[in-house]
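Numbered by UniProt numbering, the letters in the sequence shown go through residues 1 to 248 in order.
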Amino acid sequence: MSTTTTLIATAAPGLYASPHHLSTTASSCPACGTNVPSLSESSENAAQRRIVELENQVRMLTEKASTAVDKLADYEDELRHLRALQVKAAEASSVLNSSPATPSGDGNRPHTANPAGSAARSSRITSLLGRRKSSSSIAAGIPPAGTVPPLPGVPSQEAELRNALDKERSLRQEAEGKVSAMSSEIEELSVTLFQQANEMVAEERKARAKLEERVEMLEKRDKDKRRRLERLETAVQRIERVRGLLAP
1 MSTTTTLIAT
11 AAPGLYASPH
21 HLSTTASSCP
31 ACGTNVPSLS
41 ESSENAAQRR
51 IVELENQVRM
61 LTEKASTAVD
71 KLADYEDELR
81 HLRALQVKAA
91 EASSVLNSSP
101 ATPSGDGNRP
111 HTANPAGSAA
121 RSSRITSLLG
131 RRKSSSSIAA
141 GIPPAGTVPP
151 LPGVPSQEAE
161 LRNALDKERS
171 LRQEAEGKVS
181 AMSSEIEELS
191 VTLFQQANEM
201 VAEERKARAK
211 LEERVEMLEK
221 RDKDKRRRLE
231 RLETAVQRIE
241 RVRGLLAP
């Protein structure tokens with residue numbers, strides 16, 4: 001009788017305490033019905049926060065990319081305008097380079113018209129001084145063909161056109177540099193975005209793997225606890241049967 005009473009005293013607390021402990025600390029899984037702790041809720045909240053942060057980063061990067069595309073379009077328009085101006089300036093410079101050849105022919109016309117007056121003068125001088133002096137006077141009185149003064153407006157126009165061409169070239173170089181810088185910035189942003197997305201995906205996979213391992217361990221523990229409870233229940237039933245047999 002002493003042995004049976006001790007068994008009842010030790011088995012009863014374990015029998016009635018363990019179900020109460022399970023109901024307070026664990027929650028049943030809707031899929032399999034097993035008891036799963038509330039640890040996954042915090043991890044799911046953290047994952048949702050990370051997803052929201054990633055979406056915000058993607059939105060910011062898309063806005064930056066759209067602004068960069070707009071800037072590229074503006075730069076292309078500027079380049080087209082500068083090229084058109086450059087073509088016009090080149091045509092004007094070619095026209096100016098070809099036009100100074102005509103005044104040289106005009107400058108030679110006084111050279112053909114002057115010998116009439118000079119011949120009249122030389123005819124008078126030849127009668128007094130001789131033919132040699134007259135020929136020297138004629139050669140001295142005729143101006144050379146190369147001493148025709150150039151037009152004053154042509155060099156200033158050429159200088160202005162050259163300055164305009166230099167400015168257009170510098171602006172074109174600046175625009176091309178800006179375009180290359182924006183394209184490199186877009187490439188860097190896309191690379192960083194893909195790297196961050198890959199890192200976040202890898203972290204999420206690791207977190208899921210850890211949660212799955214944790215759930216499996218808890219399911220195993222729950223199964224072990226159920227087996228122990230079943231064993232305790234069978235032991236208690238046997239003890240009650242023995243008690244009923246021993247009772248008078």
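All C-beta atoms in this analysis are idealised placements derived from N, C-alpha and C, irrespective of residue type, glycine included.
Who are the Cβ neighbours of residue i in its own chain at under 7 Å, not counting the five residues just before and after it?
{"i": "A47", "result": "E204, A207"}
{"i": "R172", "result": "L79, L82"}
{"i": "L72", "result": "V179, M182"}
Can you list, in chain order, the residues of its chain whose CB lies under 8 Å from that of residue i, leaving out five sequence neighbours each side?
{"i": "L54", "result": "Q196, A197, M200"}
{"i": "R50", "result": "M200, E203, E204"}
{"i": "L189", "result": "L61, K64, A65"}
{"i": "L96", "result": "V154, Q157, E158, L161"}
Give the straight-line distance between the Cα atoms of residue i and residue j, rounded to the nearest whole angstrom.
{"i": "E187", "j": "A202", "result": "23 Å"}
{"i": "T67", "j": "D166", "result": "30 Å"}
{"i": "R231", "j": "Q237", "result": "10 Å"}
{"i": "E44", "j": "K210", "result": "12 Å"}
{"i": "V52", "j": "E212", "result": "23 Å"}
{"i": "V179", "j": "T192", "result": "20 Å"}
{"i": "E174", "j": "D70", "result": "17 Å"}
{"i": "A164", "j": "S94", "result": "15 Å"}
{"i": "D77", "j": "E41", "result": "54 Å"}
{"i": "S184", "j": "V58", "result": "18 Å"}
{"i": "R243", "j": "E233", "result": "15 Å"}
{"i": "A89", "j": "N56", "result": "49 Å"}
{"i": "residue 260", "j": "R221", "result": "The structure shown has nothing for residue 260, since the chain only spans 1 to 248."}
{"i": "L246", "j": "L229", "result": "25 Å"}
{"i": "F194", "j": "M217", "result": "35 Å"}
{"i": "E176", "j": "S170", "result": "10 Å"}
Helix or strand or just coil, what does DSSP make of residue i?
{"i": "A47", "result": "helix"}
{"i": "A247", "result": "coil"}
Considering only C-alpha positions, which residue in the set the options is nearest to residue i?
{"i": "L161", "options": "L229, E41, E185, A92", "result": "A92"}
{"i": "Y75", "options": "G244, A247, M217, M182", "result": "M182"}
Distance cutoff 9 Å, beta carbons only. Does residue i sit that close to anything in chain D?
{"i": "L61", "result": "Structure shown: chain D not included; a single protein chain is present."}
Near residue i, what residues of its chain come up, given a Cβ to Cβ distance below 6 Å and the 5 sequence neighbours on each side ignored?
{"i": "E168", "result": "L82, L85, Q86"}
{"i": "R241", "result": "none"}
Taking one C-beta from the stretch 81–96 and one from the stretch 213–229 each time, how about it: are there three or more such pairs within less than 8 Å? Touching, no, given that fewer than three Cβ pairs across the two stretches are closer than 8 Å.
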